[in-house]
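Asks:
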Amino acid sequence: MKVIQHLEKLRKIEKKKMHPIIHKIHKKHKISKKTLFYVKEYGPHSNIIKVIFKESVKILLFASIISSIGGLALEYIKDVFILIMPLIIMAPVLNDMIGDYGTIVSSRFSTMLHEGKLKGKWKNEELRKLFRQIFVISVLTTIMSLAISFIISMSSGYQLSAETAFKIFLINIIDVLILVGLVLFIAVVAGLYFYRKKEDPNNFLIPITTSIADFGNMIILSILVILFF
Amino acid sequence: MHSFDSNFKEIFSSQIVSVIGGLIAGTLLAVYTNKILLIPGMLILLPGFLEMRGNISGTLASRLSSGLFLGVIKTNSMKTKIIRSNLLASFLLAIVVSLSLGIIAFLFNYFILKQFTLEIIIIPLIAGIISNAIEVPLTLFATFYLFKKGHDPNNIMGPFVTSTGDVISIISLLIALVII
Chain A
1 MKVIQHLEKL
11 RKIEKKKMHP
21 IIHKIHKKHK
31 ISKKTLFYVK
41 EYGPHSNIIK
51 VIFKESVKIL
61 LFASIISSIG
71 GLALEYIKDV
81 FILIMPLIIM
91 APVLNDMIGD
101 YGTIVSSRFS
111 TMLHEGKLKG
121 KWKNEELRKL
131 FRQIFVISVL
141 TTIMSLAISF
151 IISMSSGYQL
161 SAETAFKIFL
171 INIIDVLILV
181 GLVLFIAVVA
191 GLYFYRKKED
201 PNNFLIPITT
211 SIADFGNMII
221 LSILVILFF
Chain B
1 MHSFDSNFKE
11 IFSSQIVSVI
21 GGLIAGTLLA
31 VYTNKILLIP
41 GMLILLPGFL
51 EMRGNISGTL
61 ASRLSSGLFL
71 GVIKTNSMKT
81 KIIRSNLLAS
91 FLLAIVVSLS
101 LGIIAFLFNY
111 FILKQFTLEI
121 IIIPLIAGII
131 SNAIEVPLTL
141 FATFYLFKKG
151 HDPNNIMGPF
161 VTSTGDVISI
171 ISLLIALVII
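Put into structure tokens, the structure is as follows:
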């Protein structure tokens, strides 16, 4: 069978039967498995909009519900929350930061899976190094952004005592450390699950990790604010 | 393997950009607290609305990056079916998710907080259309630019999308509030 015929066959095959034929074409025609995966998923004859929409919409709606539940927790502590200016400033920073780590780990982990570096397992030095880097960067960026949020708050007239500043510092550091650990764990578990189901982890991992990061952030932040204030 | 390598530098520098974006968005939130946060249900809506940008544009950037690395998407042409379809799918998802966020916030407001605020459905829809009309093309151009410059867009686009998205989202929400 010629390469074009093989690729056409690949496009027509259902996702669940995708990997065996990818392996066959890869062996016969020496085309990399990752290229074949992409040809199957987003090839010229596939309805790309439908594929993306269908694979993404459910997880995005799930993410919306999860985030809204997290937001509900914030709505309950709104009276306290809106009075602590550094916390309002830090809220998007924390959301971004933890969500970013989810995105970075998800996309890097997906690429590692597609490239066959992990062989469906998580014990890998490159992955461990990525985790170490994420932890160090998260602590550094939290301290930096907190310092800036204090400066902005004080320069706009907010009365910030040393005790309040220390409480806000503790709230943020505890929140970030718990959530970064959680996001890394979920990215690995969910990434391996979707990869084994022959789905593109790119389409699932980012919404899952970011929504859990956001949800967890709102819940943990709310609990910590109640505990400290 | 050394932990402080080029990947560390790329992630760290992109995080600095993200922190700056987040701080600008946070400061805007703090300044306009009376306009944004005092509307019943806005805090229910806000996390999901800010996150949507990362979810949709971040996933778009991730798909484009995979395509660029695999050679399926070429840097010399943006007018291809795969790119057009990616953009259209992202817009479609943004509209559906914005509307859903509004409906969820409305329902939570009505059934849990016992408040009837119909505008909480319209606000994210208008703001979602405005912010995605800016963010989705921005994601496309930034991913291509970074790839052409020899960077791994996977390391940079996540933080870039969320930080620019936050600022654009807060401004879009303010515009939507003015329109309503």
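Quick note, the sequences are listed as chains A and B, same order.
Each residue of the first sequence is one higher than the last, beginning at 1 in the numbering used here.
Each residue of the second sequence is one higher than the last, beginning at 1 in the numbering used here.
For glycine and all other residues, C-beta sits at the position ideal for the given N, C-alpha and C.
Can you give me the Cβ contacts of B:GLY158 inside the same chain, cut-off strictly under 6 Å, excluding the 5 residues immediately before and after it?
Replies: Counting from 1 along the second sequence, the entry for residue 158 of chain B is found at position 158. Once the five neighbours on either side are set aside, the close Cβ partners of B:GLY158 are GLY58.
Asks: For B:MET78 and A:LEU177, I'd like the C-alpha separation in whole angstroms.
Replies: Here residue 78 of chain B refers to the residue found at position 78 when the second sequence is read from its first residue. Here residue 177 of chain A refers to the residue found at position 177 when the first sequence is read from its first residue. Those two C-alpha atoms are separated by around 40 Å.
Asks: Starting from the beta carbon of A:PHE53, find every residue of chain D whose beta carbon is closer than 7 Å, and list them in chain order.
Replies: Absent from the structure is chain D; the protein chains it does hold are A and B.
Asks: CA-CA distance, A:ASP214 and A:ILE69?
Replies: Indexing the first sequence from 1 puts residue 214 of chain A at position 214. Indexing the first sequence from 1 puts residue 69 of chain A at position 69. C-alpha separation (whole angstroms): 10 Å.
Asks: Would you please verify whether the beta carbon of B:THR117 is less than 8 Å from any beta carbon of chain A?
Replies: In the second sequence, counting from the first residue as 1, residue 117 of chain B sits at position 117. Judged by the 8 Å Cβ criterion, B:THR117 is not in contact with chain A.
Asks: If the cut is a Cβ gap below 9 Å, which residues of chain A does B:PHE108 touch?
Replies: By 1-based counting over the second sequence, the position of residue 108 of chain B is 108. Within chain A, the residues near B:PHE108 are SER68, ILE69, GLY71, LEU72, GLU75.
Asks: So for B:MET78, helix, strand or coil by DSSP?
Replies: To locate residue 78 of chain B, count along the second sequence from 1; it is residue 78. B:MET78 falls in the coil class under three-state DSSP.
Asks: For the stretch 45-56 of chain B, list every residue whose C-beta sits within 9 Å of some C-beta in chain A, in sequence order.
Replies: Listed by position along the chain: LEU45, LEU46, PRO47, GLY48, PHE49, LEU50, GLU51, MET52, GLY54, ASN55, ILE56.
Asks: Does A:GLN159 have its Cβ less than 8 Å from a Cβ in chain B?
Replies: Here residue 159 of chain A corresponds to residue number 159 of the first sequence, with the count starting at 1. No, A:GLN159 does not count as interfacial toward chain B.
Asks: Could you tell me the alpha carbon to alpha carbon distance between B:PHE111 and A:GLU163, rounded to whole angstroms?
Replies: Your numbering for residue 111 of chain B matches position 111 in the second sequence. Your numbering for residue 163 of chain A matches position 163 in the first sequence. Rounded to whole angstroms, B:PHE111 to A:GLU163 spans 38 Å at the Cα level.
Asks: Find out if the Cβ-Cβ distance for the pair B:SER268, B:ALA127 is shorter than 8 Å.
Replies: Nothing about residue 268 of chain B can be reported from this structure: the residues present for chain B run from 1 to 180 only.
Asks: If you draw a straight line from the alpha carbon of B:ASN7 to that of B:GLY48, how long is it in whole angstroms?
Replies: Mapped onto the second sequence, residue 7 of chain B falls at position 7. Mapped onto the second sequence, residue 48 of chain B falls at position 48. Straight-line Cα distance between these residues: approximately 29 Å.
Asks: Is there a Cβ of chain A sitting closer than 8 Å to that of B:THR184, yes or no?
Replies: What is shown of chain B runs 1 to 180, which leaves residue 184 of chain B out entirely.
Asks: Taking only beta-carbon atoms, is B:PRO137 less than 8 Å away from chain A?
Replies: For the purposes of this step, residue 137 of chain B is taken as residue 137 along the second sequence, with counting starting at 1. No, because no Cβ of chain A sits closer than 8 Å to the Cβ of B:PRO137.
Asks: Look at the alpha carbon of B:ILE103 and the alpha carbon of B:ILE44, and state the distance between them as a whole number of angstroms.
Replies: Residue 103 of chain B sits at position 103 when you count from the first residue of the second sequence. Residue 44 of chain B sits at position 44 when you count from the first residue of the second sequence. Distance between the alpha carbons of B:ILE103 and B:ILE44: 11 Å.
Asks: Helix, strand or coil: which one does DSSP assign to B:LEU38?
Replies: Numbered from 1 along the second sequence, position 38 holds the residue referred to as residue 38 of chain B. Three-state result, B:LEU38: coil.
Asks: What is the DSSP secondary structure of B:SER62, counted as helix, strand or coil?
Replies: As a position in the second sequence, residue 62 of chain B is number 62, starting the count at 1. Of the three classes helix, strand and coil, the one that applies to B:SER62 here is helix, per DSSP.
Asks: Relative to the C-alpha of A:ASN172, which candidate in A:PHE131, A:LEU146, A:ASP96 has its C-alpha closest?
Replies: Sequence index remark: in the first sequence, residue 172 of chain A carries index 172 (1-based). Out of A:PHE131, A:LEU146, A:ASP96, A:LEU146 has the C-alpha closest to the C-alpha of A:ASN172.
Asks: In three-state terms, what does DSSP make of A:HIS114?
Replies: As a working mapping, residue 114 of chain A is identified with position 114 in the first sequence. Correct three-state label for A:HIS114: helix.
Asks: With a cut-off of 8 Å, does the C-beta of B:PHE111 fall near any C-beta of chain A?
Replies: Taking the second sequence and counting its residues from 1, one reaches residue 111 of chain B at position 111. Not one chain A Cβ lies under 8 Å of B:PHE111.
Asks: So the candidates are A:ILE148, A:LYS78, A:ILE49; which of them puts its Cα closest to the Cα of B:LEU38?
Replies: Position 38 of the second sequence holds residue 38 of chain B. Comparing Cα-Cα distances from B:LEU38 to each of A:ILE148, A:LYS78, A:ILE49, the minimum goes to A:LYS78.
Asks: Does the Cβ-Cβ distance between B:ALA105 and B:ILE120 come in under 8 Å?
Replies: Taking the second sequence and counting its residues from 1, the one referred to as residue 105 of chain B is at position 105. Taking the second sequence and counting its residues from 1, the one referred to as residue 120 of chain B is at position 120. Against a cut-off of 8 Å, the Cβ pair of B:ILE120 and B:ALA105 comes out as a contact.
Asks: CB-CB under 6 Å to B:LEU46, same chain, minus the five flanking residues each way: which ones, in chain order?
Replies: Counted from its first residue, the second sequence places residue 46 of chain B at position 46. None.
Asks: Give me, in chain order, the residues of the same chain whose beta-carbon lies closer than 6 Å to that of B:LEU68; leave out the 5 immediate sequence neighbours on both sides.
Replies: In the second sequence, the residue the question calls residue 68 of chain B occupies position 68. Result list for B:LEU68: PHE147, in chain order.
Asks: With A:ASP79 as the anchor, note down where its alpha helix (DSSP H) starts and where it stops.
Replies: To locate residue 79 of chain A, count along the first sequence from 1; it is residue 79. Per DSSP, A:ASP79 belongs to the alpha helix (DSSP H) from 78-81.
Asks: Going by C-alpha to C-alpha distance, which of A:ILE59, A:SER107, A:MET97 sits closest to A:VAL139?
Replies: Translated into the one-based positions of the first sequence, residue 139 of chain A becomes position 139. The residue with the shortest Cα to Cα distance from A:VAL139 is A:MET97.
Asks: Quick one: give me the first and last residue of the alpha helix (DSSP H) that A:PHE215 is part of.
Replies: Here residue 215 of chain A refers to the residue found at position 215 when the first sequence is read from its first residue. Per DSSP, A:PHE215 belongs to the alpha helix (DSSP H) from 202-228.
Asks: Which term fits A:TYR101, buried or exposed, when burial requires 16 or more other beta carbons within 10 angstroms of its beta carbon?
Replies: Within the first sequence, the letter at position 101 stands for residue 101 of chain A. By the neighbour-count rule (16 or more Cβ atoms within 10 Å), A:TYR101 is buried.
Asks: For A:VAL189, is the beta carbon positioned less than 7 Å from some heavy atom of the ligand FMN?
Replies: With respect to the ligand FMN, the structure shown offers nothing to examine, as it has no ligands at all.
Asks: Can you list, in chain order, the residues of its chain with a C-beta nearer than 6 Å to that of B:LEU64? Leave out the 5 residues immediately preceding and following it.
Replies: As a working mapping, residue 64 of chain B is identified with position 64 in the second sequence. For B:LEU64, where only same-chain residues beyond five positions count, the Cβ hits under 6 Å are THR143.
Asks: Output yes if chain A places a C-beta closer than 8 Å to the C-beta of B:ALA25; else output no.
Replies: In the second sequence, the residue the question calls residue 25 of chain B occupies position 25. Judged by the 8 Å Cβ criterion, B:ALA25 is in contact with chain A.
Asks: Quick check on the burial criterion: 16 or more other C-beta atoms within 10 angstroms. Buried or exposed for A:ASP200?
Replies: The sequence position of residue 200 of chain A within the first sequence is 200, counting from 1. Classification for A:ASP200: buried.
Asks: Chain B partners of A:ILE89, CB-CB under 7 Å?
Replies: The count along the first sequence starts at 1 and reaches residue 89 of chain A at position 89. Going along chain B in sequence order, the residues near A:ILE89 (Cβ under 7 Å) are LEU23, GLY26, THR27, ALA30.
Asks: Beta-carbon of A:LEU61 versus every beta-carbon of chain B: anything under 8 Å?
Replies: Residue mapping note: residue 61 of chain A aligns to position 61 of the first sequence, counting from 1. Yes, A:LEU61 lies at the interface with chain B (some Cβ there is under 8 Å from its Cβ).
Asks: Could you name the residues of chain A that B:THR33 contacts, counting a contact when the two beta carbons are closer than 8 Å?
Replies: In the second sequence, counting from the first residue as 1, residue 33 of chain B sits at position 33. What B:THR33 touches in chain A: ILE82, ILE88.
Asks: Could you check what DSSP says for B:TYR32 in three-state terms: helix, strand or coil?
Replies: Residue mapping note: residue 32 of chain B aligns to position 32 of the second sequence, counting from 1. Note: B:TYR32 maps to coil in three-state DSSP.
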